[in-house]
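S.K.: Chains as they are written, first to last, in the working numbering: chain A, 317 to 625; chain R, 471 to 1043.
Every residue gets a Cβ at the ideal spot worked out from N, C-alpha and C, and that includes glycine.
In this text, all values refer to a predicted model and were calculated from it rather than measured experimentally.
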Amino acid sequence: MVRYILRRLLQVIPVFLGTTLLVYYMVFALPGDPISALFGDRQPPQSVIDTLRSQYHLDQPFWVQYGIFLQNLFTFNLGNDFTGQPIAATLARVFPVTAMLAVEALIIQAVFGVAFGVFAGLRRGSWFDSTVLVASLVVIAVPTFVLGFVFQLVFGVQLGWAKPTVGANADWGNLLLPAVVLGLVSFAYVLRLTRASVSESMNADYVRTATAKGLSRPRVVLAHILRNSLIPVVTYLGANLGGLMGGAIVTEGIFNVPGVGNKLYQAVLRSEGPTIVSIVSVLVLVFVVANLIVDLLYAWLDPRIRYDQ
Amino acid sequence: MKEKAMTTPEIRIDEADTTGVRPLLEIRDLAITFKTGSGEVQAVRNAHLTILPGETVAIVGESGSGKSTTALAAIGLLPTNGKVSAGQILLDGEDIAHASERRMIELRGNTIGMVPQDPMSNLNPVWKIGYQVRETLRANGKPSGPADVAKVLSEAGLPDAHRRANQYPHEFSGGMRQRALIAIGLSCQPRLLIADEPTSALDVTVQRQILDHLETMTSELGTSVLLITHDLGLAAERADKVVVMYRGQVVEAGPSLELLQDPQHPYTKRLVESAPSLASRRIQAAKEQGVEAADLLAPATEVQANDHILQIQDLRKVYKLRQGLGKSTDFAAVDGVSFNVKRGTTTAIVGESGSGKSTVAKMVLQLEKPTDGKILFDGVDTSLLRSADLFKFRRRVQPIFQDPYGSLDPMYNIYRTIEEPLRVHKIGNTASREKKVRELLDQVALPQSTMQRYPNELSGGQRQRIAIARALALDPEVIICDEAVSALDVLVQAQVLNLLADLQSNLGLTYLFITHDLAVVRQIADHVCVMEQGQLVETGSTDDVFDSPQQDYTKALLNAIPGARLMLPPEVA
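(1) At 9 Å on the CB atoms, spell out the chain A contacts of arginine 578(R), in chain order.
(2) Counting along the chain, where does the alpha helix (DSSP H) carrying isoleucine 664(R) start and finish?
(3) Out of Gly531(R), Ala517(R), Lys739(R), Asn551(R), state which residue places its alpha-carbon closest to the alpha-carbon of glutamate 510(R).
(4) Let me see if you follow: with CB-CB separation under 8 Å, is methionine 584(R) close to chain A or not?
(5) Should glutamine 754(R) be flagged as near chain A, meaning a C-beta pair shorter than 8 Å?
(6) Nearest CA to the CA of glutamine 587(R): which residue from Ala528(A), Val501(A), Tyr341(A), Ala418(A)?
(7) Can you list, in chain order, the residues of its chain with a C-beta nearer than 6 Å to that of arginine 604(R)? Leave out the 5 residues immediately preceding and following it.
(8) By how many angstroms is the C-alpha of valine 622(R) removed from the C-alpha of alanine 631(R)?
(9) Determine, for histidine 640(R), whether the minimum Cβ-Cβ distance to residues of chain A falls below 8 Å.
(10) Anything in chain A within Cβ reach of leucine 967(R), meaning under 8 Å, just list it in chain order.
(11) Counting pairs of beta carbons, one from the segment 482-495 of chain A and one from the segment 416-423 of chain A, are three or more of them closer than 8 Å?
(12) Just to check my reading of the structure: valine 501(A) and threonine 460(A) have Cβ atoms closer than 8 Å, yes? What is that Cβ distance to the nearest angstrom?
(13) In terms of residues, what are the limits of the beta strand (DSSP E) holding leucine 333(A)?
(14) Three-state secondary structure (DSSP) at methionine 715(R)?
(15) Once DSSP output is grouped into helix, strand and coil, what is the label at arginine 440(A)?
(16) Going by beta carbon distance, what residues of the same chain come within less than 6 Å of alanine 764(R), once the five residues before and after it are set aside?
(17) Would you kindly report the start and end of the unbroken alpha helix (DSSP H) that includes glutamine 648(R)?
(18) Taking all protein chains shown into account, decide if phenylalanine 390(A) is buried (16 or more other Cβ within 10 angstroms of its Cβ) or exposed.
(19) Are the beta-carbon atoms belonging to valine 807(R) and isoleucine 782(R) less than 8 Å from one another?
(20) Tell me where the beta strand (DSSP E) around glycine 615(R) begins and ends.
(21) Say whether chain R places a C-beta atom closer than 8 Å to the C-beta of leucine 509(A).
(22) Closest by CA to valine 990(R), which one among Gly1010(R), Leu607(R), Leu727(R), Phe1016(R)?
(23) Is leucine 854(R) buried or exposed, if buried means 16 or more other CB atoms sit within 10 Å of its CB?
(24) Pick from Val955(R), Val907(R), Ala964(R): whose alpha carbon is nearest that of aspartate 945(R)?
(25) Ignore the nearest five residues each way along the sequence and tell me which others in valine 523(A)'s own chain have a CB closer than 8 Å to its CB.
(26) Starting from serine 689(R) and walking both ways along the alpha helix (DSSP H), at which residues does that stretch end?
(27) How about isoleucine 870(R) and alanine 954(R): are their beta carbons less than 8 Å apart?
(28) Please classify leucine 463(A): does DSSP put it in a helix, a strand, or coil?
(29) Would you report the Cα separation of alanine 937(R) and leucine 860(R), rounded to the nearest angstrom?
(30) Indicate the three-state DSSP secondary structure (helix, strand or coil) for glutamine 873(R) in the structure shown.
(31) Is the beta carbon of arginine 515(R) sitting closer than 8 Å to the one on alanine 501(R)?
(32) If leucine 422(A) and leucine 553(A) are in contact, beta carbons under 8 Å, what's the gap, nearest whole angstrom?
(33) Taking the C-alpha atoms as reference points, what is the distance between valine 713(R) and lysine 598(R)?
(34) Going by beta carbon distance, what residues of the same chain come within less than 7 Å of serine 594(A), once the five residues before and after it are set aside?
(35) Can you list the alpha helix (DSSP H) stretches of 4 or more residues lying completely in the segment 919-983 of chain R, in chain order?
(36) Take glutamate 822(R) as the anchor and find which of Val811(R), Met687(R), His986(R) has the nearest alpha-carbon.
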């Protein structure tokens, strides 16, 4: 098992190099000059432009820029962004916020998605099942930004249950509303996946055998239906964590959450190569680790899967 | 016995009630209905059944006869769309046909145990065996420590139970899983054990061991057993009484031997006649015709044809088993097998699962490459065939596989299925191909209107006929039947075997029959090759092998045929 984990972690290296190279190149290839963009309408003296360009190595060819970036990365010196802020400090500020948001969304979709899915799957065809199915379809069909604005208006402004925007003071409570919006679409998928999985394993022979052994209904459901049904759901949830970390741009924008998505969006607008690539590097790591955890969970849930052979 | 037959009506009612012992389970006038998309379907009607304490009663019938449904009703495990619509299920006098779920949970495990049919799917793959035993003990208020679990498992005949309890189902063989399921079923010493085809998924020798063990355990504990089986021979051998069900009704019931020797109902008679485990002779009609035809043709054929259409010489197949990190060990699935198949005869390869018999079939069909050795077809070494010759070879050698559900393309209608080989081999035009398909359907005794239907609209026996028709489309010389009748009910099996025998005598076909079922071998084969762990341990004519087996392994296989020891009057057998 240890060997398997090591091997998986070693795989991070090529993945990491590949993605950063790709992203760095895409930023490099963006049209427009980031330095002149910094000054807006005013035209700075050429000497200032040249100084800034050499300070950020923008006068160097692509491979040198990328090399310098890698070198800085491995010496844990991410450098400064165009506003002079150290990138490391920015990362340290935005990632905890987004992590909080993502974890909250993940918990919401896992707990409610699985619970609703199990009940719907056990009572297939009941009114509860039908209602939940239709509702989940609506959630999937409506785009996140529509849901986001509606929730902001209804719960934030009209009912006043939550702050309409998060702003600087992001904590678990303030992030709840954006987390609900962020988690809602995946919640619907988790629900449907669980429901299908539960109603399939309900008819499995071993479930009938478990009932024939004289087990109570709750035990049959928990030990024999739920655990077996969770395997595909866990895979989905794990893959989704990465998506929640990186894909919160719309939600963070609507609720003004000072997280990764917001920062990444601004960096892209300003063509800030180092900032973009730094954020993406961390996201790559998050993805890889999340997938590793999923695979380990998978083996724990289903003992037929063994990685050591 | 003659007198009795005249005085009793066609349904014999158990005489057990006259003994004064209160029955443990009594099923009276039971009717079970299923709600389906097209209304209510009555699965069981007027079922009667009595089991005395300590008695073993078998319900025999083909699939769809209602035997399993009746048994499931007794433990309250009908599928959600099924319900008991009339009658009573009396357990020790208490009617449990409509008992509450709470009451049923009390009874299950403790009073009524169950051993289900398929050991592969009835253990939850994600829990250790020990856990699955322990939760049974715990749910029924029995001591459930590691020692108790190990005791239950070792009583069911699992060696090394402490270690085994810590393993998962996928680490167990089929036989061991079935022992674990028996352990679970009997762990709380129920008074009634429902055994639903407990061994039908297992090899005959394993089947015998398991049934012997089950018998010993239940007789020690004084457990009554309700045995569900499709195999009349097995039922008669294992049960005190046999109840025959047909299309949801009990058509006959009585003491096993009596029922077997003197069946009253027409269905029971057919069942007794066609039970492969009881029939002891090669299907005669075909053989006699065949001999006659061979006599007439003998001078002509012997000159022009090589007598041995298939010659297998020292065949070996070695698989590399991966053991991680580039290491691998060799596993010889087939290890030095040689035998010849005479034109126009049937040769059977028998053995348990894993004996390599199917691998031999695949190599003969050129679906697998032999590691070593030769296969001569009509005198030509098949390993030398290049693609064009191989294409021609495939025309002459056709397979019929075990699973008629899986081997027919569900998206093709029957016409396309049978016509496809003709089209692939560019034989005839559309009109002549259609004519051929019609002829083939006639040959396998299916109406020509079947052409327009799809596999899912046909029964298992009909599908296997389609598979045979497809195999015959190219007028092959050799047909390789890989467990071709194993998935069929006995009556259907008998029909298909008769069909194959007739086709053989009419068309001069050669069959290579791969099967684990010795009873089938006796009915169809002229020669038998017995395989064990990749090696041929015994060959000979069917009569020789059955009458005087030389190897212990063959003897064990023969002994394990259920009902083999039962003596039947000659007119029945």
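M.R.: Put simply:
(1) Numbered from its first residue, the second sequence carries residue 578(R) at position 108. Residues of chain A passing the Cβ test: Thr527, Ala528, Lys529, Gly530, Leu531.
(2) If you number the second sequence from 1, residue 664(R) lands on position 194. Counting along the chain, isoleucine 664(R) falls outside any alpha helix (DSSP H), though it belongs to the beta strand (DSSP E) covering 662-666.
(3) Counting from 1 along the second sequence, the entry for residue 510(R) is found at position 40. Here the closest residue by C-alpha is Asn551(R).
(4) As a position in the second sequence, residue 584(R) is number 114, starting the count at 1. Yes, contact with chain A.
(5) Along the second sequence, one-based indexing puts residue 754(R) at 284. Only weak support exists for where glutamine 754(R) lies, its pLDDT of 45 falling under 50; the value from the coordinates is given anyway. So no, glutamine 754(R) is outside the interface.
(6) One-based indexing of the second sequence puts residue 587(R) at position 117. Checking every option, the nearest Cα to that of glutamine 587(R) belongs to Ala528(A).
(7) As a first step, residue 604(R) must be located in the second sequence, where it is residue number 134. Taken in chain order, the residues that qualify are Ser614, Val619.
(8) The count along the second sequence starts at 1 and reaches residue 631(R) at position 161. The count along the second sequence starts at 1 and reaches residue 622(R) at position 152. Each residue's Cα considered, the two are about 9 Å apart.
(9) As a first step, residue 640(R) must be located in the second sequence, where it is residue number 170. Look at histidine 640(R): its C-beta is under 8 Å from a C-beta on chain A.
(10) If you number the second sequence from 1, residue 967(R) lands on position 497. Within 8 Å Cβ-Cβ: nothing; leucine 967(R) doesn't reach chain A, min ~30 Å.
(11) yes
(12) Position 185 of the first sequence holds residue 501(A). Position 144 of the first sequence holds residue 460(A). Yes, they are in contact, since the Cβ atoms of valine 501(A) and threonine 460(A) sit about 6 Å apart, within 8 Å.
(13) Here residue 333(A) refers to the residue found at position 17 when the first sequence is read from its first residue. Run containing leucine 333(A): none in the beta strand (DSSP E); it sits in the alpha helix (DSSP H), 328-345.
(14) The residue you call residue 715(R) lines up with position 245 of the second sequence. In the structure shown, methionine 715(R) sits in a strand (DSSP, three-state: E or B).
(15) Residue mapping note: residue 440(A) aligns to position 124 of the first sequence, counting from 1. In this structure, arginine 440(A) counts as coil in the three-state DSSP scheme.
(16) Residue mapping note: residue 764(R) aligns to position 294 of the second sequence, counting from 1. Summary for alanine 764(R): the model assigns pLDDT 39, below 50, so the residue's position carries little reliability; its value from the coordinates is reported in the next sentence. Nothing listed; no residue qualifies.
(17) Your numbering for residue 648(R) matches position 178 in the second sequence. Here the alpha helix (DSSP H) through glutamine 648(R) covers 644-656.
(18) In the first sequence, the residue the question calls residue 390(A) occupies position 74. The residue is exposed, with fewer than 16 neighbouring Cβ atoms inside 10 Å.
(19) Here residue 807(R) refers to the residue found at position 337 when the second sequence is read from its first residue. Here residue 782(R) refers to the residue found at position 312 when the second sequence is read from its first residue. Their beta carbons are under 8 Å apart, which means valine 807(R) touches isoleucine 782(R) by this criterion.
(20) By 1-based counting over the second sequence, the position of residue 615(R) is 145. Segment: none, glycine 615(R) is in no beta strand (DSSP E) and carries neither H nor E.
(21) Numbered from its first residue, the first sequence carries residue 509(A) at position 193. No, leucine 509(A) does not count as interfacial toward chain R.
(22) In the second sequence, the residue the question calls residue 990(R) occupies position 520. That would be Phe1016(R), whose Cα lies nearest to the Cα of valine 990(R).
(23) By 1-based counting over the second sequence, the position of residue 854(R) is 384. Classification of leucine 854(R): exposed, given that the 10 Å Cβ count is below 16.
(24) One-based indexing of the second sequence puts residue 945(R) at position 475. When each option's Cα is compared against that of aspartate 945(R), the closest is Val907(R).
(25) What you label residue 523(A) is simply residue 207 of the first sequence in a count that begins at 1. Cβ neighbours of valine 523(A) beyond the five flanking positions: Ser517, Val536, His540, Ile541.
(26) Counted from its first residue, the second sequence places residue 689(R) at position 219. 674-691 is the extent of the alpha helix (DSSP H) around serine 689(R).
(27) Along the second sequence, one-based indexing puts residue 870(R) at 400. Along the second sequence, one-based indexing puts residue 954(R) at 484. Contact: yes.
(28) Walking along the first sequence from the start, residue 463(A) turns up at place 147. Here leucine 463(A) sits in helix by DSSP.
(29) In the second sequence, the residue the question calls residue 937(R) occupies position 467. In the second sequence, the residue the question calls residue 860(R) occupies position 390. Roughly 22 Å separates the two Cα atoms.
(30) Locating residue 873(R) in the second sequence gives position 403, where the first residue counts as 1. Per the sequence shown, the amino acid found at residue 873(R) is aspartate instead of glutamine. Residue state, collapsed to three classes: coil.
(31) Locating residue 515(R) in the second sequence gives position 45, counting from the first residue. Locating residue 501(R) in the second sequence gives position 31, counting from the first residue. Going by C-beta atoms, arginine 515(R) is nearer than 8 Å to alanine 501(R).
(32) The sequence position of residue 422(A) within the first sequence is 106, counting from 1. The sequence position of residue 553(A) within the first sequence is 237, counting from 1. 7 Å between Cβ atoms; contact.
(33) Within the second sequence, residue 713(R) is the residue found at index 243, counting from 1. Within the second sequence, residue 598(R) is the residue found at index 128, counting from 1. If you take the alpha carbons of valine 713(R) and lysine 598(R), they lie about 37 Å apart.
(34) The residue you call residue 594(A) lines up with position 278 of the first sequence. Taken in chain order, the residues that qualify are Leu394, Ile403, Leu407.
(35) 930-942, 960-977
(36) Working through the second sequence from its first residue, we reach residue 822(R) at position 352. Ranking the options by Cα distance to glutamate 822(R), first place goes to His986(R).
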